[in-house]
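Working notes for the structure below.
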Ligand code: 13P
Ligand code: SF4
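Take a look at the structure:
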């Protein structure tokens, strides 16, 4: 079967099931092309709340599909390949977080949305790359454990008076972005805007022109008059940005910025998942209830 045949089959199944396909900005082009909605982690999870459809096929990584399930527990949410995980989210678990909390028992715990549902049950507040600074500033406690991304924690620390205590996790894709990459890009593309994801090393974030979530990058590229934009994040978003902004030059900051988890989901996985209604996200009610608390507080503070 050709790629186009597979895509047609998926769209037929989608109509038959009255299903919706959501895809993160890092997904493969052939998946982005047939998705109903593209977005960043929180945009997609929140999208599910307002959808009439019962069957949602979430092309992203595990924690994103779990967050969608926590926000919409009555919907059927499928992750087309159960191996699509986020290595950073897996760097912290309940045991390591409890031990870390014991060392800083008077601190509030702010978790990045890139955490498992189980980890969220031990956290006070949640945040995304888009709102991490504003949520940290709105928490009353002056001491905040930030889990699991040490780079995003370091970036938040530059924007707040609070004491930010970082958990030592990181994203192997963004941790590979350094200030030398920014310097090279400036030399090669002096007229370009350089935008970067805050999971990158702090020295790179501070050297870039703008530090944005992937959703923020999509809006920036659309709204700016600047014609060349260097993108410091996973390479999958370059396809979307170029497609939506054909008059602009979208330039990946460097080669090799590839998230294996994001690229795990193939068109064949999506077809199989829709054919057999397989790999539905299931979470115990208790976890859903407790993991909802930090997310609810984030939504209240946003
Ligand atoms: P966004 O929420 O900005 O899409 O980031 C998700 C992510 O995993 C970045 O690596
Ligand atoms: Fe996780 Fe990094 Fe992949 Fe984002 S790019 S899903 S943080 S491993």
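In the working numbering, the protein residues as written are 1169 to 1470. Heads up, the beta-carbon is just placed ideally off N, CA and C, and yes, glycines get one too.
DSSP on residue 1365, reduced to helix/strand/coil?
coil
What are the partner residues of residue 1280, as DSSP defines its beta bridges?
In DSSP, residue 1280 forms a bridge with 1295.
Could you tell me the alpha carbon to alpha carbon distance between residue 1450 and residue 1237, rounded to whole angstroms?
8 angstroms
Check this for me: beta carbons of residue 1269 and residue 1313, under 8 angstroms apart or not?
yes
Is it right to say residue 1462 is buried, meaning 16 or more other beta carbons lie within 10 angstroms of its own, or is it exposed?
buried
Would residue 1400 be called buried (16 or more neighbouring beta carbons within 10 Å of its own) or exposed?
buried
Are residue 1416 and residue 1196 closer than 8 angstroms when you measure CB to CB?
no
Tell me whether residue 1435 sits in a helix, a strand or coil according to DSSP, three-state version.
In the structure shown, residue 1435 sits in a helix (DSSP, three-state: H, G or I).
Taking all protein chains shown into account, do 16 or more other C-beta atoms lie within 10 angstroms of the C-beta of residue 1387, making it buried, or fewer, making it exposed?
Its Cβ having fewer than 16 others within 10 Å, residue 1387 is exposed.
Please name the residue in 1321, 1300, 1341 and 1345 whose C-alpha comes closest to that of residue 1334.
1321
By the DSSP assignment, the beta strand (DSSP E) with residue 1246 in it spans what residues?
Where residue 1246 is concerned, the enclosing beta strand (DSSP E) stretches over 1244-1246.
Can you list, in chain order, the residues of its chain whose CB lies under 6 angstroms from that of residue 1305, leaving out five sequence neighbours each side?
1328
Is the beta carbon of residue 1194 sitting closer than 8 angstroms to the one on residue 1255?
no
For residue 1300, is the classification buried or exposed, using 16 other Cβ atoms within 10 angstroms of its Cβ as the cut-off for buried?
buried
For my contact list, residue 1246 and residue 1447 are in at a C-beta cut-off of 8 angstroms; report their separation, rounded to the angstrom.
5 angstroms
Roughly how many angstroms separate the alpha carbons of residue 1242 and residue 1219, rounded to a whole number?
12 angstroms
Is it a yes or a no for the stretch 1417-1436 touching the stretch 1208-1219, going by three-plus beta-carbon pairs under 8 angstroms?
In short, these stretches do not touch, since the Cβ pair count stays below three.
Of the residues 1428, 1408, 1302 and 1286, which one's Cα is nearest the Cα of residue 1455?
1286
Please state if the CB of residue 1229 and the CB of residue 1279 are separated by a distance shorter than 8 angstroms.
no
Is it right to say residue 1251 is buried, meaning 16 or more other beta carbons lie within 10 angstroms of its own, or is it exposed?
exposed
Between residue 1183 and residue 1372, what straight-line distance do the alpha-carbon atoms span, to the nearest angstrom?
44 angstroms
The ligand 13P and residue 1471: does any heavy atom of the ligand fall closer than 7 angstroms to the residue's C-beta?
This structure gives no information on residue 1471, because the portion of the chain shown stretches from 1169 to 1470.
Could you give the first and the last residue of the continuous alpha helix (DSSP H) run that contains residue 1262?
Under the DSSP assignment, residue 1262 falls in the alpha helix (DSSP H) whose first and last residues are 1262-1271.
Is DSSP giving residue 1384 helix, strand or coil here?
helix
What does residue 1417 pair with, by DSSP beta-bridge criteria?
1396
Please say whether residue 1293 and residue 1466 have beta carbons closer to each other than 8 angstroms?
Residue 1466 is a Cβ neighbour of residue 1293, given a cutoff of 8 angstroms.
Taking the CB atoms as reference points, tell me whether residue 1137 and residue 1249 lie closer together than 8 angstroms.
Coverage of the chain is limited to positions 1169 through 1470, which leaves residue 1137 absent and any answer about it impossible.
Give the list of continuous beta strand (DSSP E) stretches no shorter than 3 residues that lie fully inside the stretch 1289-1339.
1293-1295, 1311-1315 and 1331-1334
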